[in-house]
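If you're matching positions, the sequence shown starts at 3 in the working numbering and goes up one per residue.
Cβ atoms here follow ideal geometry from the backbone N, Cα and C, with glycine treated the same way.
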Amino acid sequence: MENDTWKLILKNLAVPIKKSASNDSPLAYPLTSFAILKVTGDDRYLFLQNQFTNDLENEKKIVQLSAWCNPKGKIITNFIIINTGENYLLIFKKDIKDYVHKKLNMYILRSKVKIDDISSSYLLLGLSNITQLKLDQTTVSLDNIIMKNINEKFIARLPNSSNRYLLVTDIKTMEDVMSKLKNTLEFQDDANWEQLDIISGIPWINSESKEKYLPQMINLDKLKAVSFKKGCYTGQEVIAKLHYRGTVKRTMKIISSENKLYVGKNLYMENSEKKVGEILNSSSYKYDGIFFSLAVIETDKLSNDLFSDTLSKEKVSIV
Numbered sequence: 003m004e005n006d007t008w009k010l011i012l013k014n015l016a017v018p019i020k021k022s023a024s025n026d027s028p029l030a031y032p033l034t035s036f037a038i039l040k041v042t043g044d045d046r047y048l049f050l051q052n053q054f055t056n057d058l059e060n061e062k063k064i065v066q067l068s069a070w071c072n073p074k075g076k077i078i079t080n081f082i083i084i085n086t087g088e089n090y091l092l093i094f095k096k097d098i099k100d101y102v103h104k105k106l107n108m109y110i111l112r113s114k115v116k117i118d119d120i121s122s123s124y125l126l127l128g129l130s131n132i133t134q135l136k137l138d139q140t141t142v143s144l145d146n147i148i149m150k151n152i153n154e155k156f157i158a159r160l161p162n163s164s165n166r167y168l169l170v171t172d173i174k175t176m177e178d179v180m181s182k183l184k185n186t187l188e189f190q191d192d193a194n195w196e197q198l199d200i201i202s203g204i205p206w207i208n209s210e211s212k213e214k215y216l217p218q219m220i221n222l223d224k225l226k227a228v229s230f231k232k233g234c235y236t237g238q239e240v241i242a243k244l245h246y247r248g249t250v251k252r253t254m255k256i257i258s259s260e261n262k263l264y265v266g267k268n269l270y271m272e273n274s275e276k277k278v279g280e281i282l283n284s285s286s287y288k289y290d291g292i293f294f295s296l297a298v299i300e301t302d303k304l305s306n307d308l309f310s311d312t313l314s315k316e317k318v319s320i321v
């Protein structure tokens with residue numbers, strides 16, 4: 003449904019979508035691979051604070067990265083969370099939407115919380131290399147924005163980024179926004195946005211990788227998506243123990259390759275059939291002539307030559 007909505011808007015407005023690698027021009031990305039859950043109710047803050055890895059109490063974190071883990075500390079999914087003041091918007095990969103929505107609802111019990119899937123009524127537009135944006139009759143400077151609400155159009159700067167933003171709004175409003183932007187911006191597809199995430203080292207958990215990794219294994223602690231000062235949350239004991247006492251046995255790295263590597267593909271050492279890593283996220287297009295991916299690799303194997311096949315023909319490089 004969400005993909006069809008974007009296709010219809012782009013077709014009606016005759017907006018061309020380029021599939022080449024992103025560049026330094028002002029760019030917009032109709033995002034089709036993400037879901038949005040809206041969390042409302044008097045207990046929404048306390049409910050999410052007791053579930054997620056990051057600290058919602060920090061008022062500066064109006065927009066933040068976070069994760070939801072199982073009791074063993076393994077990540078069910080990771081989010082971008084936007085606090086609009088009236089609700090929380092949880093943005094994460096769409097292929098695990100139903101699983102996450104159902105599982106989160108199981109934890110509500112008597113809490114005054116409602117979790118709505120608004121993925122079919124709201125749309126996401128990614129923006130990059132933009133310093134200002136004209137919405138309605140207002141020109142918005144993006145230089146110092148963390149999150150701004152302009153007539154129910156939510157603009158949020160991506161955490162850990164200086165020039166990437168999300169615009170979240172309902173379908174009708176997004177259509178109006180697109181009609182104004184189509185002549186001033188170049189439009190690229192969702193895969194190019196994912197490529198920017200990969201190059202920036204921002205991972206996304208999907209249906210294949212859910213409940214496989216601890217947050218530290220995919221660098222969520224380094225991305226400030228985990229608070230080690232807040233109170234208890236699901237999986238906190240395991241995650242904190244690893245932070246204070248343990249050694250991370252697997253870690254995420256950006257890797258480059260001549261050929262596209264698919265999600266879930268294994269990595270091997272030279273002349274070995276023993277798996278030492280796997281692809282978490284991968285780009286669909288070349289960037290500067292090579293493909294980039296995010297891979298989770300055994301920490302003690304990082305200094306070895308790595309290959310994407312057991313015959314040691316397809317070498318990959320850690321960036």
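From residue i to residue j, what does the alpha carbon distance come to, in whole angstroms?
{"i": "S163", "j": "F309", "result": "31 Å"}
{"i": "I38", "j": "F81", "result": "10 Å"}
{"i": "D192", "j": "L33", "result": "5 Å"}
{"i": "D311", "j": "K303", "result": "16 Å"}
{"i": "G266", "j": "I299", "result": "12 Å"}
{"i": "L29", "j": "K76", "result": "35 Å"}
{"i": "A242", "j": "N194", "result": "35 Å"}
{"i": "Y246", "j": "V240", "result": "10 Å"}
{"i": "S259", "j": "E316", "result": "8 Å"}
{"i": "D97", "j": "S284", "result": "16 Å"}
{"i": "F36", "j": "K95", "result": "5 Å"}
{"i": "Y215", "j": "N56", "result": "17 Å"}
{"i": "S314", "j": "G248", "result": "32 Å"}
{"i": "S74", "j": "I204", "result": "For the record, residue 74 in the displayed sequence is Lys; it is not Ser. Computed Cα separation, rounded: 23 Å."}
{"i": "I120", "j": "H103", "result": "11 Å"}
{"i": "Q139", "j": "L225", "result": "36 Å"}
{"i": "I207", "j": "D199", "result": "12 Å"}
Under a three-way DSSP split, which group does residue i fall into?
{"i": "I84", "result": "strand"}
{"i": "E177", "result": "helix"}
{"i": "E210", "result": "coil"}
{"i": "I2", "result": "For the chain, the structure presents residues 3 to 321; residue 2 sits outside this window and is missing."}
{"i": "K182", "result": "helix"}
{"i": "A16", "result": "coil"}
{"i": "E188", "result": "strand"}
{"i": "D100", "result": "helix"}
{"i": "Y217", "result": "Residue identity check: residue 217 is Pro in the sequence provided, not Tyr. Residue state, collapsed to three classes: helix."}
{"i": "A242", "result": "helix"}
{"i": "K317", "result": "strand"}
{"i": "N273", "result": "coil"}
{"i": "L282", "result": "strand"}
{"i": "D199", "result": "helix"}
{"i": "I148", "result": "coil"}
{"i": "K231", "result": "coil"}
{"i": "K155", "result": "strand"}
{"i": "L308", "result": "strand"}
{"i": "I120", "result": "coil"}
{"i": "N25", "result": "coil"}
{"i": "I38", "result": "strand"}
{"i": "I11", "result": "helix"}
Report back the beta-carbon spacing between residue i and residue j to the nearest angstrom; my notes put them in contact at under 8 Å.
{"i": "K20", "j": "E188", "result": "6 Å"}
{"i": "V115", "j": "F49", "result": "5 Å"}
{"i": "L125", "j": "T7", "result": "7 Å"}
{"i": "L244", "j": "S295", "result": "No, L244 and S295 are not in contact; Cβ-Cβ is about 25 Å, not under 8 Å."}
Can you find the residues in the same chain that come closer than 8 Å, C-beta to C-beta, to residue i, ignoring five residues on each side of it along the sequence?
{"i": "S123", "result": "D172, I173"}
{"i": "I84", "result": "I64, V65, Y90, L91, I93, M149, F156, A158, L168, V170"}
{"i": "I292", "result": "S258, S259, E260"}
{"i": "L106", "result": "L39, Q53, W70, I117"}
{"i": "E88", "result": "T42"}
Kindly list the residues whose CB is nearer than 7 Å to the CB of residue i, restricted to its own chain and excluding five residues on each side of it in sequence; keep chain order.
{"i": "M180", "result": "I11, L15, V17"}
{"i": "I320", "result": "K255, I257, L304"}
{"i": "Y109", "result": "Q53"}
{"i": "D145", "result": "T133"}
{"i": "R252", "result": "M219, V298, I299, E300, T301"}
{"i": "E275", "result": "T312"}
Run through the DSSP bridge pairs and tell me what residue i is partnered with.
{"i": "K303", "result": "According to DSSP, K303 bridges with nothing at all."}
{"i": "W70", "result": "F54, T79"}
{"i": "R112", "result": "DSSP output for R112 lists no bridge partner at all."}
{"i": "F49", "result": "None, per the DSSP bridge assignment."}
{"i": "T249", "result": "Per DSSP, none; premise fails for T249."}
{"i": "S258", "result": "F294, S319"}
{"i": "K136", "result": "T141"}
{"i": "P32", "result": "L127"}
{"i": "V170", "result": "L126, F156"}
Residues in the same chain with beta-carbon distance under 6 Å from residue i, minus the five sequence neighbours each way, listed in chain order, please.
{"i": "L222", "result": "A69, V228"}
{"i": "Y101", "result": "none"}
{"i": "N268", "result": "K277, E280"}
{"i": "V318", "result": "I257, S259, L308, S310"}
{"i": "G233", "result": "none"}
{"i": "Q51", "result": "L58"}
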